[in-house]
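**Student:** Numbering-wise (this note's numbering), the sequence shown opens with residue 370 and increments by one. Using N, Cα and C, we set each Cβ at its ideal position, and we do this for glycine too.
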Amino acid sequence: MNEEKKSKKIPNHIGIIMDGNRRWARERNLPTSDGHLRGYQKIKFIPEWFFAQGVKVVSIYAFSTENWQRSPEEVNYLMKLLKQALEEEMVHAKEKNFKILISGKIDELPGDLPETCMDVMNQTQANREGTLNVCLNYGGRIEIIDAIKKIIKNNVTEEQVHEGMLRKYFYQAELPDVDVVIRTSGEQRLSGFLLWQSAYSEFIFMKKFWPDFEEQDAEAVLDEYDRRERRFGGEEK
Numbered sequence: 370m371n372e373e374k375k376s377k378k379i380p381n382h383i384g385i386i387m388d389g390n391r392r393w394a395r396e397r398n399l400p401t402s403d404g405h406l407r408g409y410q411k412i413k414f415i416p417e418w419f420f421a422q423g424v425k426v427v428s429i430y431a432f433s434t435e436n437w438q439r440s441p442e443e444v445n446y447l448m449k450l451l452k453q454a455l456e457e458e459m460v461h462a463k464e465k466n467f468k469i470l471i472s473g474k475i476d477e478l479p480g481d482l483p484e485t486c487m488d489v490m491n492q493t494q495a496n497r498e499g500t501l502n503v504c505l506n507y508g509g510r511i512e513i514i515d516a517i518k519k520i521i522k523n524n525v526t527e528e529q530v531h532e533g534m535l536r537k538y539f540y541q542a543e544l545p546d547v548d549v550v551i552r553t554s555g556e557q558r559l560s561g562f563l564l565w566q567s568a569y570s571e572f573i574f575m576k577k578f579w580p581d582f583e584e585q586d587a588e589a590v591l592d593e594y595d596r597r598e599r600r601f602g603g604e605e606k
């Protein structure tokens, strides 16, 4: 078993676009809030399903900058759920020894959510058994625009601009590129998720909704990644 685990290619960084919460609820004649709650409950298994298998970072798309266009009722519920989720996950992270990072325009979140975000990151920063990167009020284009604004503010010269330098200005500069992006619900697009970091990602699209994602699906993702041959624009082997 140990030898099999050593020989298997494990992605360093997995990105998950957790799509389909609302459709999952509608199919069951349940309120939208039930779908979001069920979707959040799946996040609790990430340490067991991914970190325990050797994955170092999991980034999840929790709330995009476009999601503000949803109904006020749904947005208000999501903000309350996100606050609850962050507080609960902080306790969970301490138990399981994983770090929580939050990527996005944190300072523009309502109420005391910005303070909650900072508290969660501060209290889990020393944990070493994996990193959960929560993309919250996040947009890939906006992240790049924000990075450029910081570069201009710092009076960076043209000669100083290169990929490594630009990366330093992203929300979480220390995170590696995404090896594989998973999207549930049958949709096959990035929707602004980690655009720069996923330039050479493998993509796995699943028809099932995120609330139906189970441990065997996580295993299937890791198995599929192991079968793929990544070339990064190089010649075929």
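Roughly how far, in whole angstroms, is the beta-carbon of Phe539 from the beta-carbon of Thr500, given that I think they are within contact range, below 8 Å?
**Tutor:** So it is not a contact: roughly 15 Å between Cβ atoms.
**Student:** Just mark His531 as buried or exposed, buried being the case when its beta carbon has 16 or more other beta carbons within 10 Å.
**Tutor:** His531 comes out exposed.
**Student:** Helix, strand or coil: which one does DSSP assign to Glu456?
**Tutor:** Here Glu456 sits in helix by DSSP.
**Student:** Sorted by chain position, which residues of the same chain lie with C-beta nearer than 8 Å to Phe420's C-beta, five sequence neighbours on each side aside?
**Tutor:** Once the five neighbours on either side are set aside, the close Cβ partners of Phe420 are Val427, Lys465, Phe467, Glu498 and Gly499.
**Student:** List the residues that DSSP assigns as beta-bridge partners of Thr500.
**Tutor:** DSSP, once it has assigned bridges, lists Val426 and Lys468 as partnering Thr500.
**Student:** From what residue to what residue does the alpha helix (DSSP H) around Glu593 run?
**Tutor:** Here the alpha helix (DSSP H) through Glu593 covers Glu584 to Arg596.
**Student:** Give me the DSSP bridge partner(s) of Tyr507.
**Tutor:** Tyr507 is bridged to Ser433.
**Student:** Quick check: the region 519–537 against the region 444–457, are at least 3 beta-carbon pairs closer than 8 Å?
**Tutor:** Contact between the region 444–457 and the region 519–537 is absent, because fewer than three Cβ pairs lie under 8 Å.
**Student:** Looking at the structure shown, is Arg599 part of a helix, part of a strand, or coil, going by DSSP?
**Tutor:** It is coil, neither helix nor strand.
**Student:** Should Trp393 go down as buried or exposed, given a rule of 16 or more other Cβ atoms within 10 Å for buried?
**Tutor:** The residue in question, Trp393, is buried, as its Cβ has 16 or more Cβ neighbours within 10 Å.
**Student:** For Val550, which three-state DSSP category applies?
**Tutor:** Here Val550 sits in strand by DSSP.
**Student:** Please name the residue in Ser440, Asp488 and Trp437 whose C-alpha comes closest to that of Leu455.
**Tutor:** Cα-wise, what sits closest to Leu455 is Asp488.
**Student:** Note down the Cα distance separating Met370 from Arg397, rounded to an integer number of angstroms.
**Tutor:** For Met370, the predicted model reports a pLDDT of 45, less than 50, meaning its position is unreliable; a value from the coordinates is still stated below. Each residue's Cα considered, the two are about 40 Å apart.
**Student:** Counting Cβ pairs, one atom from each stretch, are 3 or more of them under 8 Å apart for the region 479–495 and the region 395–409?
**Tutor:** No contact exists between the region 479–495 and the region 395–409.
**Student:** Looking only at DSSP bridge pairs, what is Ile520 linked to?
**Tutor:** Ile520 pairs with nothing; no bridge assigned.
**Student:** Go through the region 378–423 residue by residue and report every complete run of the beta strand (DSSP E) that reaches 3 residues or more, in order.
**Tutor:** Qualifying beta strand (DSSP E) stretches, in chain order: 382–386.
**Student:** Taking the C-alpha atoms as reference points, what is the distance between Ser554 and Thr493?
**Tutor:** Cα to Cα, the separation comes out at about 31 Å.
**Student:** Distance check for Ser570 and Arg600, CA to CA, integer angstroms please.
**Tutor:** Looking at the two C-alpha atoms, the distance is approximately 11 Å.
**Student:** Per DSSP, what are the beta-bridge partners of Ile573 in this structure?
**Tutor:** Paired residues: Ile551.
**Student:** Taking only the alpha-carbon atoms, compute the straight-line gap between Trp640 and Val525 and give it to the nearest angstrom.
**Tutor:** The structure shown does not extend to residue 640, since the chain is modelled only from 370 to 606, so the question has no answer here.
**Student:** At the level of alpha carbons, what is the spacing between Met387 and Ser472?
**Tutor:** If I take the Cα positions, the gap works out to 16 Å.
**Student:** On the criterion of 16 or more Cβ atoms from any shown chain inside 10 Å, does Ile469 qualify as buried, or is it exposed?
**Tutor:** Per the 10 Å Cβ criterion, buried.
**Student:** Return the residue from the list Val444, Ile385 and Lys377 that minimises the CA-CA distance to Asn502.
**Tutor:** If we check each option's Cα against that of Asn502, Ile385 comes out closest.
**Student:** Buried or exposed, going by whether 16 or more other CB atoms sit within 10 Å of the CB of Asn390?
**Tutor:** Flag for Asn390 reads buried.
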